[in-house]
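Colleague: First the structure, which I've put down as structure tokens, then a few questions once you've had a look.
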Amino acid sequence: NAGVTQTPKFRILKIGQSMTLQCTQDMNHNYMYWYRQDPGMGLKLIYYSVGAGITDKGEVPNGYNVSRSTTEDFPLRLELAAPSQTSVYFCASSYLGQGSYEQYFGPGTRLTVT
Amino acid sequence: KNQVEQSPQSLIILEGKNCTLQCNYTVSPFSNLRWYKQDTGRGPVSLTIMTFSENTKSNGRYTATLDADTKQSSLHITASQLSDSASYICVVSSPTDSWGKFQFGAGTQVVVTP
Numbered sequence: 168n169a170g171v172t173q174t175p176k177f178r179i180l181k182i183g184q185s186m187t188l189q190c191t192q193d194m195n196h197n198y199m200y201w202y203r204q205d206p207g208m209g210l211k212l213i214y215y216s217v218g219a220g221i222t223d224k225g226e227v228p229n230g231y232n233v234s235r236s237t238t239e240d241f242p243l244r245l246e247l248a249a250p251s252q253t254s255v256y257f258c259a260s261s262y263l264g265q266g267s268y269e270q271y272f273g274p275g276t277r278l279t280v281t
Numbered sequence: 004k005n006q007v008e009q010s011p012q013s014l015i016i017l018e019g020k021n022c023t024l025q026c027n028y029t030v031s032p033f034s035n036l037r038w039y040k041q042d043t044g045r046g047p048v049s050l051t052i053m054t055f056s057e058n059t060k061s062n063g064r065y066t067a068t069l070d071a072d073t074k075q076s077s078l079h080i081t082a083s084q085l086s087d088s089a090s091y092i093c094v095v096s097s098p099t100d101s102w103g104k105f106q107f108g109a110g111t112q113v114v115v116t117p
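Sequences listed follow chains R and V, in order. The first sequence maps to residues 168 to 281 in my numbering. The second sequence maps to residues 4 to 117 in my numbering.
Here it is, written out as structure tokens:
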């Protein structure tokens, strides 16, 4: 049982480049989330999805885009990378978004923009 | 202002000793409170989930307490082991938030030394 997988693990981008962070879950979860984690700060929600075809902005969506064409996949797109997007990105999933449902996290993608 | 504050920011303890981590929150209304363990370079993993009606919950050597009246929670680690070295994150969820379903604290970094 793989859970939540993310690729790549590490990436270095130049300013202005674009890339897609991949996230896949095999638990048939409805909810999926993208967070970023900066040093000394709590995780911040970028985007979330409550099911295939439905996405919504989180707390810090600027500079990012998402899509959810299937239940399993929730890619995060960075357009025109900026140094402020240097961070560790975590994808997570849960069966529902409320109640005591567990939220499962992927291993993270460490992104550096120079 | 962060609605979930954790203390201390970091602590060092000797193997075999106990320690207690604190979490104060202002999130209201309150749905549940979670404690996560995040090993270096990994995604957070759930330790406990408590609703407002629960005062205490244990997971092995980890015991979480919750006082919903004072909006405080603590995580007690008993007989610490080297593998307990990690960041411990308090997460509070509210049923009314659209995107802020989970408000993350910045974490307490615990280092267990031999």
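A virtual CB, placed ideally from N, CA and C, is assigned to each residue, including glycine.
Less than 9 Å between the beta carbons of CYS22 (chain V) and VAL7 (chain V), yes or no?
Modeller: Cβ distance not < 9 Å, so CYS22 (chain V) and VAL7 (chain V) don't count as in contact.
Colleague: Anyone know if the C-beta pair for THR51 (chain V) and SER90 (chain V) falls short of 9 Å?
Modeller: Contact: no.
Colleague: With distances taken between CB atoms, is the gap from SER96 (chain V) to LEU36 (chain V) smaller than 9 Å?
Modeller: In this structure, LEU36 (chain V) lies closer than 9 Å to SER96 (chain V) by Cβ.
Colleague: 9 Å is my cut-off, CB to CB: does SER49 (chain V) come that close to chain R?
Modeller: By this cut-off, SER49 (chain V) is an interface position.
Colleague: Assuming ALA67 (chain V) contacts PHE33 (chain V) (C-beta within less than 8 Å), just tell me the rounded distance between them.
Modeller: That pair is no contact at about 15 Å.
Colleague: Closer than 7 Å between beta carbons: that is the criterion. Which residues of the stretch 194 to 213 of chain R meet it against chain V?
Modeller: Result list: GLY207, MET208, GLY209, LEU210 and LEU212.
Colleague: Rounded to a whole number of angstroms, what is the C-alpha to C-alpha distance between THR222 (chain R) and TYR202 (chain R)?
Modeller: In a straight line, the C-alpha of THR222 (chain R) is about 14 Å away from that of TYR202 (chain R).
Colleague: Quick check on DSSP: helix, strand or coil for SER61 (chain V)?
Modeller: Here SER61 (chain V) sits in strand by DSSP.
Colleague: Near GLU18 (chain V), which residues of its chain fall below 8 Å by C-beta distance, leaving aside the five closest residues on each side in sequence?
Modeller: The answer, listed in chain order, is SER83, GLN84, LEU85, VAL115, THR116 and PRO117.
Colleague: Give me the DSSP bridge partner(s) of ILE52 (chain V).
Modeller: Answer is V:ARG37, bridged to ILE52 (chain V).
Colleague: What does the alpha-carbon distance come out to for the pair TYR256 (chain R) and ASP87 (chain V)?
Modeller: Spanning the two alpha carbons is a distance of roughly 23 Å.
Colleague: Contact criterion: CB-CB distance below 9 Å. Does GLU269 (chain R) meet it with respect to chain V?
Modeller: Yes - at least one Cβ of chain V is within 9 Å of the one on GLU269 (chain R).
Colleague: Whose C-alpha, out of R:ARG244, R:ASN229 and R:VAL227, is nearest the C-alpha of ARG235 (chain R)?
Modeller: Of the candidates R:ARG244, R:ASN229 and R:VAL227, the one whose C-alpha sits nearest the C-alpha of ARG235 (chain R) is R:ARG244.
Colleague: Are the beta-carbon atoms of TYR231 (chain R) and TYR215 (chain R) separated by less than 9 Å?
Modeller: No, Cβ-Cβ distance for TYR231 (chain R) and TYR215 (chain R) is not below 9 Å.
Colleague: Mind pulling the chain V residues with CB within less than 9 Å of GLY275 (chain R)?
Modeller: The answer, in chain order, is GLY44, ARG45 and GLY46.
Colleague: Output needed in chain order: residues of the stretch 238 to 252 of chain R with a Cβ under 7 Å from some Cβ in chain V.
Modeller: Listed by position, the residues of the stretch 238 to 252 of chain R near chain V (Cβ gap below 7 Å) amount to none.
Colleague: Kindly indicate which residue of R:PRO250, R:LEU263 and R:ALA259 has the alpha-carbon position closest to the one of PHE241 (chain R).
Modeller: Of R:PRO250, R:LEU263 and R:ALA259, the residue nearest in Cα terms is R:ALA259.
Colleague: Quick check on this structure: which residue in R:LYS211, R:VAL217 and R:GLU269 has the alpha carbon closest to the alpha carbon of GLY108 (chain V)?
Modeller: Measuring from the Cα of GLY108 (chain V), the nearest candidate turns out to be R:LYS211.
Colleague: Identify whether LEU85 (chain V) lies in helix, strand or coil by the three-state DSSP scheme.
Modeller: Looking at LEU85 (chain V) - three-state DSSP - the assignment turns out to be helix.
Colleague: Between R:ASN195, R:PHE177 and R:MET186, which has its C-alpha nearest GLY170 (chain R)'s C-alpha?
Modeller: The option with the nearest alpha carbon to GLY170 (chain R) is R:ASN195.
Colleague: Return the CA-CA distance between GLY103 (chain V) and LYS181 (chain R), expressed in angstroms with no decimal places.
Modeller: Low confidence applies to GLY103 (chain V): its pLDDT is 48, below 50, so where it sits in the model is not reliable, and the reading given next is rough at best. About 31 Å.
Colleague: State the beta-bridge partners of GLN173 (chain R) as determined by DSSP.
Modeller: Per DSSP, R:CYS190.
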